[in-house]
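See structure below.
Residue numbers (my numbering): 19 to 88.
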């Protein structure tokens, strides 16, 4: 079972990273399980999570967004 504090730590860390990297506020939507074909932009990544919890984080972004971040 995933506990609220564990999820909160992950969400806060991710949000803070994007706020610093993009120098603008980040917004968080509701997490959901993907069904069917996922959206795909110019750049896509999948991060495998292992250990006490297992799963993946899927990230896709258009070139314009990553130009601002990087």
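Quick reminder that beta carbons are idealized off the backbone N, C-alpha and C, glycines included.
{"Item": "Assigned secondary structure, residue 74 (DSSP; H/G/I helix, E/B strand, else coil)", "Value": "strand"}
{"Item": "Minimum C-alpha distance to residue 60 - residue among 45, 77 and 70", "Value": "77"}
{"Item": "DSSP bridge partner residues for residue 61 (one or two, in chain order)", "Value": "79"}
{"Item": "Limits of the alpha helix (DSSP H) - the one that residue 47 falls within", "Value": "Taken as a continuous stretch (DSSP letters only), residue 47 belongs to no alpha helix (DSSP H), as it is neither H nor E."}
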